[in-house]
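*Asks:* Chains as they are written, first to last, in our numbering: chain A, 1 to 854; chain B, 1 to 149. For glycine and all other residues, C-beta sits at the position ideal for the given N, C-alpha and C.
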Amino acid sequence: MITLTINGKEIRLDKPVTVLKAAQQAGIKIPTLCNHELLKPFGGCRLCVVEVERMPKLMTSCTLMAADGMVVRTESDTIADVRRAILEFLLINHPLDCPVCDKAGECELQDAVMQYGPPTGRFIEEKRKVRESHDDPILARNMERCIVCTRCVRMCEDVQGASAISMIERGGRTVMEPFSSRSFNCEYCGNCITACPVGSILSRLYMHSYRPWQMDKEVETICGYCGVGCSFVAQVRDESIKRVIPRIGFGMNNGLLCSKGRFGYGFIEDSGRLKTPLIRKGDALVESTWDDALDLVAEKLTEIKDSYGGRAIGGIASARCTNEDNYVFQKFMRVACGTNNIDSISRTGYAAAQKYFEGLLGQGINANIIGGIKRSDMVLVLGGDPASVNPVLGLSIRAAAKAGAEVAVIGHAPGLERYKTINVLPPLFKEADILEALLLEVFRARGNRGESHAIDRAVSEFDKEYSGKTDMHGLEELKDKLLKSDSISIVFGMDLVQRTDGHRALFATAGLTHLLEARLYLLSERPNEQGVIDAGCVPDMLPGGRPLGIPDFRRRYEDAWKRPIPDTEGMTLMEMIEGAKKGDMKALYIMGDNPVFNLPDRTFIKESLASLDFLVVQDIFLTETAELADVVLPALGWPEKSGTYTNLERRIQLLRKTVETTSGMDDWSIISRLSCRMGYDMLYTDAENVMDEISRVSPLYRNLSYKEISDKECLWPYNGEPLRGEAKDIKVIKEKSRDYDADLYLALDKPLFHSGSISQRSPGLMDISPEPRLKIGTRLAEKMCLKDGDNVIISADRGSISIRVSIDPCVNGKVVLMSNNFKEKGALGIMGYNLDPVTKAPGIEGCAVTLRRG
Amino acid sequence: MLKEIEDIKAKYPDTRAALLPALYIAQKEFGWLSLDAMKAVANALNLPESDVRGTASFYSMFRLKPAGRNLIQLCTNISCMILGAERLRDLLKDRYGLLPGGTTEDGRFSLVIMECIGACGTAPAMLVNTDLYENLTEHNIAEILGKYK
Ligand code: SF4
Ligand code: SF4
Ligand code: SF4
Ligand code: FES
Ligand code: FES
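#1: With DSSP collapsed to three states, give me the class of Phe-250 (chain A).
#2: Output, in chain order, the set of chain A residues within a Cβ distance shorter than 7 angstroms of Arg-50 (chain B).
#3: Taking 8 angstroms as the line, does the beta carbon of Pro-751 (chain A) fall inside it for any heavy atom of ligand 5?
#4: Pick out whichever of A:Cys-196, A:Ala-162, A:Asp-81 and A:Arg-320 has its Cα sitting closest to the Cα of Gln-530 (chain A).
#5: Among residues of its own chain, excluding the 5 on either side of His-754 (chain A), which ones have a beta-carbon nearer than 6 angstroms to its beta-carbon?
#6: With burial defined as no fewer than 16 other Cβ atoms inside 10 Å of the residue's Cβ, what is the status of Cys-785 (chain A): buried or exposed?
#7: State yes or no: is the C-beta of Pro-100 (chain B) nearer than 8 angstroms to some heavy atom of ligand 7?
#8: Would you say Val-153 (chain A) and Ser-166 (chain A) are within 9 angstroms of each other, going by their C-beta atoms?
#9: Return no unless some Cβ of chain B is closer than 9 angstroms to the Cβ of Val-153 (chain A).
#10: State yes or no: is the C-beta of Asn-135 (chain B) nearer than 8 angstroms to some heavy atom of ligand 5?
#11: In chain B, what lies closer than 7 angstroms to Arg-170 (chain A) by C-beta?
#12: Decide if Met-574 (chain A) is buried, meaning its Cβ has at least 16 other Cβ atoms within 10 Å, or exposed.
#13: DSSP beta-bridge partners for Lys-281 (chain A)?
#14: Expressed to the nearest angstrom, what Euclidean distance is found between the alpha-carbon atoms of Arg-87 (chain B) and Arg-95 (chain B)?
#15: Quick check: does the Cβ of Asn-340 (chain A) come within less than 8 angstroms of any heavy atom belonging to ligand 1?
#16: Using a Cβ cut-off of 9 angstroms, pull out every chain A residue sitting near Leu-35 (chain B), in sequence order please.
#17: Determine, using beta-carbon pairs with one atom in the region 230-246 of chain A and one in the region 191-210 of chain A, whether at least three such pairs fall under 8 angstroms.
#18: If you measure from the beta carbon of Arg-446 (chain A) to each beta carbon in chain B, is any gap under 9 angstroms?
#19: One question on the structure: do Asn-647 (chain A) and Gly-227 (chain A) come within less than 9 angstroms of each other, judged by their Cβ atoms?
#20: Under 9 angstroms between beta-carbons, which chain A residues line up against Arg-63 (chain B)? List them in chain order, please.
#21: Measuring CB atoms only, is the region 744-764 of chain A touching the region 840-848 of chain A, in the sense that at least three cross pairs come out at less than 8 angstroms?
#22: Does any residue of chain B bring its CB to less than 9 angstroms from the CB of Arg-418 (chain A)?
#23: Can you have a look at Met-114 (chain B) and say buried or exposed, based on whether 16 or more other CB atoms are within 10 angstroms of its CB?
#24: From Leu-19 (chain B) to Ser-705 (chain A), what distance separates their C-alpha atoms?
#25: Let me see if you follow: with CB-CB separation under 9 angstroms, is Glu-287 (chain A) close to chain B or not?
#26: Any chance you could list the alpha helix (DSSP H) runs of at least 4 consecutive residues sitting entirely within the region 776-836 of chain A, in chain order?
#27: If you measure from the CB of Phe-232 (chain A), is any heavy atom of ligand 1 nearer than 8 angstroms?
#28: Tell me the DSSP secondary structure of Glu-314 (chain A) in three-state form.
#29: Have a look at the DSSP bridge pairing and note the partners of Tyr-589 (chain A).
#30: For Glu-441 (chain A), I'd like the list of residues in its chain whose CB is within less than 8 angstroms of its CB, leaving aside the five on either flank, ordered along the chain.
#31: Might you give, ordered along the chain, the residues of its own chain that have their beta carbon closer than 8 angstroms to the beta carbon of Ala-164 (chain A), omitting 5 neighbours on each side?
#32: Taking 9 angstroms as the CB-CB cut-off, is Glu-406 (chain A) touching chain B?
#33: Please list, in chain order, the chain A residues whose beta carbon lies closer than 7 angstroms to that of Gly-54 (chain B).
#34: Short check: CB of Glu-431 (chain A) to CB of Ala-535 (chain A), under 9 angstroms?
#35: Applying the 10 Å Cβ sphere with the 16-neighbour rule, what's the burial state of Asp-7 (chain B)?
#36: Excluding five sequence neighbours on each side, which residues of the same chain lie with their C-beta closer than 7 angstroms to the C-beta of Arg-735 (chain A)?
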């Protein structure tokens, strides 16, 4: 215990902190400029000086550790003189253009000068002149205002780990610049904006719009782009989001955001938003009223149900919709339409993986706090780039690496290129071979954790069946490091699920997780992939992850919903779509997703949906899928909704309505109106009312209220009863990987600046990354004499796309990478697929392509 | 150049420490440090590009703008000034058309004015590339510069 006195007040400290922190804890304010909560002490500006008894000179409180018996004074005439002098020096070159500076009103320099500064300056020399730089599409840089605190540089280097900017020159000419001195070409997290105490780094989306005090409201909500679920404050004026700012101490992202969260809010104001329901009249979709549209849907669905039975109807839910939306959706499908055919696009990744792991290792296996990654001594990253799929989670891996953890990457993860410590290079599309070999090596070195688990038995069996040895560069080192580490995090990305033999990588990863007692994290591209599953939007499980096949569980929901639930498992996503093509599936109801664009083999998906008798699409834009629909119903974007999302840690968080709109209706509300018309009453008053029902009926969320969710961290297992017990019998067979001997393959790229197709409608993200690019390796570029920006035509057997290339040294020679985010230029559209027989996820590996200039 | 940087790298415990010598090597190779040259150094040392530029721009011995084949670094600090460095500066301007910070039209010389280079006892002094010349006069300076093509 350390006891010190600050300004006559006795302060007790449990753990050693700086004098500045000790003062803050006691509510004593010391002015600072170069200090920042998220950064290490720097001691550059000297504004935080204090007097310490028995120390001859003033001390900087931000770097001085509090010691027992210290007597500190934070205000005195001497201190005030020094602070005044410091500020006077800073103002020599500062333009004092507060009236036109965006930062005015929230500027730390302005505040400090107001309190301690000299009323006038005595320097008559010319101030330095530096042109404000607008060379970057989104970040404006005003170096006249810069006080050289280096907070931005330290943020970018130490926290973001991007190291895109630095202090250039020295003395009075010092400024911050990105490497190119013009455009930032960086990760565009905007965390340097947060770090800058003055108006030197500004978002051009917000610049010169409104003063911070002119906002109508501030709403504390969460980001709806990815499965991390960062918290931020959205500032709103005239029902339009003007900017979003993260706050230290608020949410698990604690003051950090990524490009999507910070600059991606523009899509809700896109002019393409659907405003009224549309009904198909011949070839055209024509505007209609809610009553007519809902009557038509109810009538058609009832007709199909009556003539073909519920099995001819299917529903596709959405990981961009809330838990409430998805719960109401599956309830509607199960009891009003009489079918368990419910799935979501998450089947192509997260849902397939999550259900597999949970089946083997028990419920809650992936409920791990992101912060835990930082504390690991080894991070194993598989099948995806955390730094672009879930950027803020990616920061934890970089932080772990900086703290000395080993980082191994199997897959394509350019965002970790500078951080990985072990190089493993599996042959193309054969990661499963490596993971299986690794599992066996670990098993042979360490043995079982006890025969009690089915997984232990399965691993032993697998070992017996497979006695060979795999040789691969780095495998030995990786195994040794894994065995030596006490605290391992495995970060699993969905590239490995999108394989025809995806279950092999899943099994091996499950085994490694179990044997190494590792924490498992699943990368999640969309905000509510876990929530979709927990809400019951899977064909074989009721809400709360209760297997449909167990009569007790079914009965329990039947009692609550007062209607029978069909007892046969429904079809998975691709089965429904293939069923449509075959004619078994007559009607599909798609809520908030765009399968035509987001699934492989575009022509096939389109044909299948066109074979349906009836297609309903509920969305905020007229997507490629909506264009095929018989009825289109306009819904709300996430900033316009209230509800909850469950993130990849299984944390439940409140999404608060940020702006009002007249464009559409809440998804749950549309469904419940429809349900009433089909003779099954759903009379919810608001989203909270739906949550009340969920927490009443789902054993996972006993007594969970919005108040509880917003008051404290709402973490697994909530107040609920997780389902104990894992799979009894796991069948494993050693399979051989296919050979891949084509010259060139296409693989899916998950870029940092885009997500699904909504980012394409956000001007901020489009400014940063305006067009799709085909990423090609250096060697291929040389062979084809291609330069950055050259146009090529890429052809696969499902189609061709004309696209510009960008050369990426991290790309393996035999593949080219392309994203699936831009209209008409989505990679998935030209890729074929084969279903993984176990997970039912479409495998898209091994898509051979040719490339020619064009 | 890459080979030389590799050799240097081996002499230091971490690559950041090898940055200054590596920048020298690159400067020798390219005459000045363009963005591409700094990128090459960053790659060779596995350091962030922006770090390399930050460091290079801090030190006056690195040239971040295209420069002549030979760099004259003339001291005009107090001792040199008293002993006539300013006259030498004027001479460079009159005879070679060389202004501080500038380059001769034929690309033969660039001139930078230095603070004390530690040769006060033998002032006025200058460096041409890495060669030190002391006790300069209006006469011997022309002869010295004649050696550099
Ligand atoms: S936006 Fe992010 S990556 Fe770019 S310079 Fe700022 S902190 Fe660095
Ligand atoms: S730009 Fe802002 S944060 Fe960066 S050094 Fe200047 S004042 Fe500090
Ligand atoms: S990491 Fe994910 S949740 Fe966080 S700001 Fe980025 S996109 Fe949004
Ligand atoms: S805040 Fe302590 S020196 Fe800047
Ligand atoms: S003043 Fe010129 S060398 Fe010291």
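*Replies:* By the coordinates alone:
#1: The answer is coil: DSSP assigns Phe-250 (chain A) none of H, G, I, E or B.
#2: One point to set straight first is that residue 50 (chain B) is Ser, not Arg, in the sequence displayed. Within chain A, the residues Ser-163, Ala-164, Ile-165, Ser-166, Pro-178 and Phe-179 have their CB atoms less than 7 angstroms from the CB of Ser-50 (chain B), given in chain order.
#3: Checking every heavy atom of ligand 5 against the Cβ of Pro-751 (chain A), none is found closer than 8 angstroms.
#4: For the residues A:Cys-196, A:Ala-162, A:Asp-81 and A:Arg-320, the minimum Cα distance to Gln-530 (chain A) belongs to A:Arg-320.
#5: So the qualifying residues of the chain are Asn-821.
#6: Cys-785 (chain A) comes out exposed.
#7: This structure simply doesn't include ligand 7; it includes ligand 1, ligand 2, ligand 3, ligand 4 and ligand 5 instead.
#8: Between Val-153 (chain A) and Ser-166 (chain A), the gap from beta carbon to beta carbon is short of 9 angstroms.
#9: Under the 9 angstroms criterion on CB atoms, Val-153 (chain A) is classed as interfacial with respect to chain B.
#10: For ligand 5, not one heavy atom lies less than 8 angstroms from the Cβ of Asn-135 (chain B).
#11: Listed by position along chain B, the residues whose Cβ is nearer than 7 angstroms to that of Arg-170 (chain A) are Phe-58.
#12: Counting Cβ neighbours within 10 Å, Met-574 (chain A) comes out buried, since at least 16 surround it.
#13: When DSSP reads this structure, Lys-281 (chain A) sits in a beta bridge with A:Ala-284.
#14: So the alpha carbons of these two residues sit roughly 12 angstroms apart.
#15: It does not: the Cβ of Asn-340 (chain A) is nowhere closer than 8 angstroms to a heavy atom of ligand 1.
#16: Under the 9 angstroms cutoff, chain A gives Phe-179, Ser-180 and Ser-181.
#17: Segment contact: the region 230-246 of chain A against the region 191-210 of chain A, three or more CB-CB distances shorter than 8 angstroms; contact assigned.
#18: No - not a single Cβ of chain B is within 9 angstroms of the one on Arg-446 (chain A).
#19: A distance below 9 angstroms separates the beta carbons of Asn-647 (chain A) and Gly-227 (chain A).
#20: Per Cβ cutoff of 9 angstroms: no residues; Arg-63 (chain B) is ~14 angstroms from chain A at best.
#21: Touching, yes, given that three or more Cβ pairs across the two stretches are closer than 8 angstroms.
#22: Yes, Arg-418 (chain A) counts as interfacial toward chain B.
#23: The residue is buried, with at least 16 neighbouring Cβ atoms inside 10 Å.
#24: Their Cα atoms are separated by approximately 57 angstroms.
#25: For Glu-287 (chain A), not one C-beta of chain B is nearer than 9 angstroms to its own C-beta.
#26: 778-783, all fully within the region 776-836 of chain A.
#27: Because no heavy atom of ligand 1 lies under 8 angstroms away, the Cβ of Phe-232 (chain A) does not count as near it: no.
#28: Looking at the sequence provided, one finds Gly at residue 314 (chain A) rather than Glu. In the structure shown, Gly-314 (chain A) falls within a strand segment according to DSSP collapsed to helix, strand and coil.
#29: A:Gly-315 and A:Val-616.
#30: These residues qualify, in order along the chain: Leu-475 and Lys-479.
#31: Closer than 8 angstroms at the Cβ level, and outside the excluded window around Ala-164 (chain A), lie Cys-156, Pro-178, Phe-179, Phe-184, Asn-185, Cys-186 and Glu-187.
#32: It does not; no Cβ of chain B falls within 9 angstroms.
#33: Against Gly-54 (chain B), the close residues of chain A are Ser-166, Met-167 and Ile-168, in the order they occur along the chain (beta-carbon pairs closer than 7 angstroms).
#34: Result no, Cβ atoms of Glu-431 (chain A) and Ala-535 (chain A) do not sit closer than 9 angstroms.
#35: Burial call: exposed.
#36: Position check: residue 735 (chain A) holds Glu in this sequence, whereas Arg was assumed. Cβ within range, chain order: Asp-501 and Arg-504.
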